[in-house]
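Novice: Provided herewith is a single structure, encoded as structure tokens, for subsequent inquiry.
In this note's numbering, the protein residues as written are -3 to 48.
Here it is, written out as structure tokens:
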């Protein structure tokens, strides 16, 4: 899911201040649930080590 998120924000050139809402949206799409765990959002939006 993290890789898909990173591709999504890179391809759409999403500003970093919009990453949190985009991550929450991705979680809702994948799970089909309105509840989004904030810890999962933070995990997804964190850059991988070595990534720019």
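Here a beta-carbon is modelled for each residue, glycine too, at the ideal position from N, C-alpha and C. Since we're looking at a predicted model, the values are computed, not measured.
#1: Between residue 37 and the rest of its own chain, which residues show a CB-CB distance below 8 Å, the 5 nearest in sequence each way excluded?
#2: Look at residue -3 and residue 32 and say whether their C-beta atoms are less than 8 Å apart.
#3: On the CB-based measure, 16 or more other CB atoms within 10 Å of its CB, does residue 41 come out buried or exposed?
#4: On the three-state DSSP scale, how would you describe residue 42?
#5: With a CB to CB cut of under 6 Å and the five nearest residues on each side skipped, what residues in its chain are close to residue -1?
Specialist: Looking at the coordinates:
#1: By one-based count along the chain shown, residue 37 stands at place 41. Correct list, in chain order: 16, 19, 20, 23.
#2: Your numbering for residue -3 matches position 1 in the chain shown. Your numbering for residue 32 matches position 36 in the chain shown. Not in contact: residue -3 and residue 32 (Cβ atoms no closer than 8 Å).
#3: Start at 1 with the first residue of the chain shown, and residue 41 comes out as number 45. Burial call: buried.
#4: Your numbering for residue 42 matches position 46 in the chain shown. Here residue 42 sits in coil by DSSP.
#5: Position 3 of the chain shown, counting from 1, holds the residue named residue -1. None.
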